[in-house]
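Chemist: Chains as they are written, first to last, in my numbering: chain F, 7 to 273; chain S, 7 to 273. Cβ coordinates follow ideal geometry from the N, Cα and C atoms, glycine included. Sharing a structure here in structure tokens format.
Protein chains: 2
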Amino acid sequence: MDLAQCSLNSVTVKGSRFGEVADLAERWGFGGVGLWRDVLEDLDLTAAATRLRQSGLRVSSVCRGGMFPQPTARLRREALADNRVAVDQAHALGAECLVLVCGAAHGDLAGARQQVHDGIAELEPYARAAGVRLAVEPFHPMMASSRSVITSLGEANDLVEAIDSDLVGIALDSYHVWWDARMREEIARAGDTLFSVQLADWITPIQGELSSRGMPGEGCIDMTGFVADCTDAGYRGLVEVEILSDRWWAEGPASALHAAASGLTRI
Amino acid sequence: MDLAQCSLNSVTVKGSRFGEVADLAERWGFGGVGLWRDVLEDLDLTAAATRLRQSGLRVSSVCRGGMFPQPTARLRREALADNRVAVDQAHALGAECLVLVCGAAHGDLAGARQQVHDGIAELEPYARAAGVRLAVEPFHPMMASSRSVITSLGEANDLVEAIDSDLVGIALDSYHVWWDARMREEIARAGDTLFSVQLADWITPIQGELSSRGMPGEGCIDMTGFVADCTDAGYRGLVEVEILSDRWWAEGPASALHAAASGLTRI
């Protein structure tokens, strides 16, 4: 892939501040950035949006809203309030979507899934007023009790269809769904509800659930096929490289960028 | 559950020899044992079967056959030969099924899945001649590149239906499938093709893919609901406790048995 079709997610260079992420993306010729909210803390978002616009960098995603299942009504209200802040941030940056990490189960999987549905439905009017698209990210099943009860693309598609809003779609990360025998047909089904496509590779053995991901090409996922399936389904947005990796974080941003660019250009 | 309805899988007390596993199962009042093939090495299987029969212990499963996807024809022949040995062992012990850990992908997931189908179809006549049932175990998706490309119960049900033999069914372990939004309906669909039911609990954060499982009740899986779903589907066999856990292995067999029995009796 041409890096101009790709986006650099800030977590790939974790520890870098907003300005550093933007500088790296511009220097390497990325078409945009994906921004985790840790880099937005205490940031002047208007100035940040201007900085990005001047460089021609799009904001392919802001990460994250979500975490809808909560054990008490008070915590659910707090989660909704935080989601509204995230929508505001995505709006201020002109982001193409807000990624929803939907939240884990507190004992009851079915109840948690209902809370996810209800939480998105409750957030949708606020997102609509701001013109911000919400992107449900199906997560790898190994994170069902720590990150998200939405554990397959099929389930995410069902959820998006149930919500039935042109502002609610899918954020699809290869790392979370590559194993699924139904992946290709579910990508086709997602079609123009694909709001974000992200790449990370699977390396075994994993070291914990969260941060032992590989750069594209380091692991066993057919990245070329994955991107082609998304393109065939109609996706025309930037493809993000979002690598949570203790190993690459230890190497530092320069090495990580070199490896990311090298992997992307081979797809 | 009454322990007489349960079976002690040898890996729960890894490092114990066959006689020790049988002694522990008998002393605690289990209805049977599940046997990994490491405890069968250099064992007189006729004497072992007699020993178990005298104690009234059933052999709920032998683990494992499988590993069908292989990169060369020679390796596929070797895998088939090993599967025949496993069938012979299951037959000699009067085991209620041979568990199939179907095998991981060597780059090409779809090709690997085809090799799994073809391997089981090729093994089936040999298993039929021996009167041994083959139980496809759906594995957690985090093991798709290390253990098995059959990553959901739905996929395993599809495979069993495609093979279409009364000797080919399902081995279902709570640890592998608990996250799946479609689990309950797929258990119902499996119905009398459920040849084995196994319990292990999910504890987060995981330490690697293989051996950080919990005793029933230690983690977040609704074990009572899981067993009830299997019973509702028609399962009447023993329920195995099969815990791969570095932590419990370090504690030793006596502590592991105490914890296993304690967890099972609370279901």
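#1: Buried or exposed: glutamate 102 of chain S, going by 16 or more other Cβ atoms within 10 Å of its Cβ?
#2: Under 6 Å Cβ to Cβ from alanine 96 of chain S, same chain only, skipping five residues before and after it: list those, please.
#3: Does the region 172-181 of chain S come within contact of the region 139-154 of chain S, defined as at least 3 CB pairs closer than 8 Å?
#4: Looking at the secondary structure, which residues open and close the alpha helix (DSSP H) in which aspartate 235 of chain S lies?
#5: By the criterion of Cβ-Cβ separation under 8 Å, what are the contact partners of serine 152 of chain F in chain S?
#6: Does DSSP classify glutamine 204 of chain F as helix, strand or coil?
#7: For the alpha helix (DSSP H) holding aspartate 124 of chain S, just list the boundary residues, first then last.
#8: With a threshold of 8 Å between beta carbons, is threonine 230 of chain F in contact with chain S?
#9: Tell me the DSSP bridge mates of isoleucine 176 of chain S?
#10: Report the three-state DSSP secondary structure of valine 65 of chain F (helix, strand or coil).
#11: Using only the alpha-carbon positions, how far apart do glycine 40 of chain S and phenylalanine 232 of chain F sit?
#12: DSSP puts leucine 41 of chain S in a beta bridge; with which residues?
#13: Classify valine 93 of chain F as helix, strand or coil using the three-state DSSP reduction.
#14: Name, in chain order, the residues that DSSP records as bridge partners for cysteine 108 of chain F.
#15: Is tryptophan 185 of chain S close to chain F, meaning its C-beta is less than 8 Å from at least one C-beta of that chain?
#16: List the residues of chain F that glycine 214 of chain S touches, going by C-beta distances under 9 Å, in chain order.
#17: Tell me where the alpha helix (DSSP H) around glutamate 246 of chain S begins and ends.
#18: Determine the direct distance from the alpha carbon of aspartate 94 of chain S to that of glycine 113 of chain F, and round the result to whole angstroms.
#19: Check the Cβ of proline 147 of chain F against every Cβ in chain S and list those closer than 8 Å, keeping chain order.
#20: Cα-Cα, which of S:Ser152, S:Met149, S:Val174 and S:Trp184 is closest to leucine 159 of chain S?
#21: Quick one: list the residues of chain C neighbouring cysteine 69 of chain F, beta-carbon separation under 9 Å, in chain order.
#22: Given a cut-off of 8 Å on the beta-carbon distance, is the pair proline 75 of chain F and alanine 110 of chain F in contact?
#23: Please classify glycine 220 of chain F: does DSSP put it in a helix, a strand, or coil?
#24: Tell me whether leucine 250 of chain S sits in a helix, a strand or coil according to DSSP, three-state version.
#25: Where does leucine 165 of chain S fall in DSSP's three states?
#26: Short check: CB of threonine 18 of chain F to CB of valine 247 of chain F, under 8 Å?
#27: With a cut-off of 8 Å, do at least 3 Cβ pairs link the region 218-225 of chain F to the region 246-265 of chain F?
#28: Is DSSP giving serine 158 of chain S helix, strand or coil here?
#29: Determine the extent of the beta strand (DSSP E) in which leucine 14 of chain F is found, giving its start and end residues.
#30: Output needed for serine 171 of chain S: all residues of its chain with C-beta closer than 7 Å, excluding positions within five of it in sequence on either side, in chain order.
#31: Could you say which of F:Asp228, F:Glu32 and F:Met149 lies nearest to glutamine 213 of chain S if we only look at CA atoms?
#32: Quick check on the DSSP output: the alpha helix (DSSP H) that includes arginine 57 of chain F runs from which residue to which?
#33: I'd like the list of long-range same chain contacts for valine 108 of chain F, defined as Cβ closer than 7 Å, with 5 residues on each side in sequence excluded.
#34: Which of the three DSSP states, helix, strand or coil, is assigned to arginine 277 of chain S?
#35: Mind checking whether phenylalanine 24 of chain S and leucine 9 of chain S have CB atoms under 8 Å apart?
Modeler: Looking at the atomic coordinates:
#1: The residue labelled residue 102 of chain S in the question sits at position 96 within the second sequence. Buried: at least 16 other Cβ atoms inside 10 Å.
#2: The residue given as residue 96 of chain S occupies position 90 in the second sequence. For alanine 96 of chain S, where only same-chain residues beyond five positions count, the Cβ hits under 6 Å are Val68, Leu104 and Val138.
#3: yes
#4: The residue given as residue 235 of chain S occupies position 229 in the second sequence. Segment 229-238, the alpha helix (DSSP H) holding aspartate 235 of chain S.
#5: As a first step, residue 152 of chain F is located in the first sequence; it is residue number 146 there, counting from the start. Simply Thr210 and Pro211.
#6: Taking the first residue of the first sequence as 1, we reach residue 204 of chain F at position 198. The answer is strand: DSSP assigns glutamine 204 of chain F an E or B state.
#7: Position 118 of the second sequence, counting from 1, holds the residue named residue 124 of chain S. Segment 115-136, the alpha helix (DSSP H) holding aspartate 124 of chain S.
#8: Numbered from 1 along the first sequence, position 224 holds the residue referred to as residue 230 of chain F. It does not: the Cβ of threonine 230 of chain F has no partner Cβ on chain S nearer than 8 Å.
#9: Along the second sequence, one-based indexing puts residue 176 of chain S at 170. Beta bridge pairing from DSSP links isoleucine 176 of chain S with S:Val142 and S:Leu200.
#10: Residue 65 of chain F sits at position 59 when you count from the first residue of the first sequence. DSSP places valine 65 of chain F in strand when its eight states are reduced to three.
#11: The sequence position of residue 40 of chain S within the second sequence is 34, counting from 1. The sequence position of residue 232 of chain F within the first sequence is 226, counting from 1. Between glycine 40 of chain S and phenylalanine 232 of chain F, the C-alpha separation is close to 40 Å.
#12: In the second sequence, the residue the question calls residue 41 of chain S occupies position 35. DSSP lists S:Val68 as partners of leucine 41 of chain S.
#13: As a working note, residue 93 of chain F is residue 87 in the first sequence. Valine 93 of chain F sits in a helix when the DSSP states are folded into three classes.
#14: Position 102 of the first sequence, counted from the start, is the residue given in the question as residue 108 of chain F. None, per the DSSP bridge assignment.
#15: As a first step, residue 185 of chain S is located in the second sequence; it is residue number 179 there, counting from the start. Yes, its Cβ sits closer than 8 Å to a Cβ of chain F.
#16: The residue given as residue 214 of chain S occupies position 208 in the second sequence. Neighbours of glycine 214 of chain S on chain F, chain order: Pro211, Ile212, Gln213 and Gly214.
#17: Taking the second sequence and counting its residues from 1, the one referred to as residue 246 of chain S is at position 240. Segment 245-247 is the beta strand (DSSP E) holding glutamate 246 of chain S; no alpha helix (DSSP H) there.
#18: Here residue 113 of chain F refers to the residue found at position 107 of the first sequence. Here residue 94 of chain S refers to the residue found at position 88 of the second sequence. Near 42 Å, if we compare the C-alpha coordinates of aspartate 94 of chain S and glycine 113 of chain F.
#19: Position 141 of the first sequence, counted from the first residue, corresponds to residue 147 of chain F. Here the neighbours are His146, Pro147, Met148, Trp185 and Asp186.
#20: For this step, residue 159 of chain S is matched to residue 153 along the second sequence. Comparing Cα-Cα distances from leucine 159 of chain S to each of S:Ser152, S:Met149, S:Val174 and S:Trp184, the minimum goes to S:Trp184.
#21: Structure shown: chain C not included; protein chains present are F and S.
#22: Numbered from 1 along the first sequence, position 69 holds the residue referred to as residue 75 of chain F. Numbered from 1 along the first sequence, position 104 holds the residue referred to as residue 110 of chain F. A contact, by the Cβ cut-off of 8 Å.
#23: Indexing the first sequence from 1 puts residue 220 of chain F at position 214. In the three-state reduction of the DSSP assignment, glycine 220 of chain F falls in the strand class, which pools E and B.
#24: The residue given as residue 250 of chain S occupies position 244 in the second sequence. It is coil, neither helix nor strand.
#25: What you label residue 165 of chain S is simply residue 159 of the second sequence in a count that begins at 1. If DSSP states are grouped into helix, strand and coil, leucine 165 of chain S belongs with the helices.
#26: Numbered from 1 along the first sequence, position 12 holds the residue referred to as residue 18 of chain F. Numbered from 1 along the first sequence, position 241 holds the residue referred to as residue 247 of chain F. Cβ distance < 8 Å, so threonine 18 of chain F and valine 247 of chain F count as in contact.
#27: yes
#28: By one-based count along the second sequence, residue 158 of chain S stands at place 152. Coil, per DSSP.
#29: If you number the first sequence from 1, residue 14 of chain F lands on position 8. Where leucine 14 of chain F is concerned, the enclosing beta strand (DSSP E) stretches over 12-15.
#30: Looking up residue 171 of chain S in the second sequence gives position 165. So the qualifying residues of the chain are Glu130.
#31: On the second sequence, position 207 is the one that residue 213 of chain S refers to. By alpha-carbon distance to glutamine 213 of chain S, the top candidate from F:Asp228, F:Glu32 and F:Met149 is F:Met149.
#32: The residue given as residue 57 of chain F occupies position 51 in the first sequence. Element bounds for arginine 57 of chain F: 51-60.
#33: The residue given as residue 108 of chain F occupies position 102 in the first sequence. It should be noted that the sequence gives cysteine, not valine, for residue 108 of chain F. Cβ neighbours of cysteine 108 of chain F beyond the five flanking positions: Gly72, Phe74, Val122, Val142, Ser154, Val155 and Ile156.
#34: Residue 277 of chain S lies beyond the range of chain S shown here (7 to 273); nothing can be said about it.
#35: Position 18 of the second sequence holds residue 24 of chain S. Position 3 of the second sequence holds residue 9 of chain S. No, the pair does not count as a contact, with Cβ atoms beyond the cut-off.
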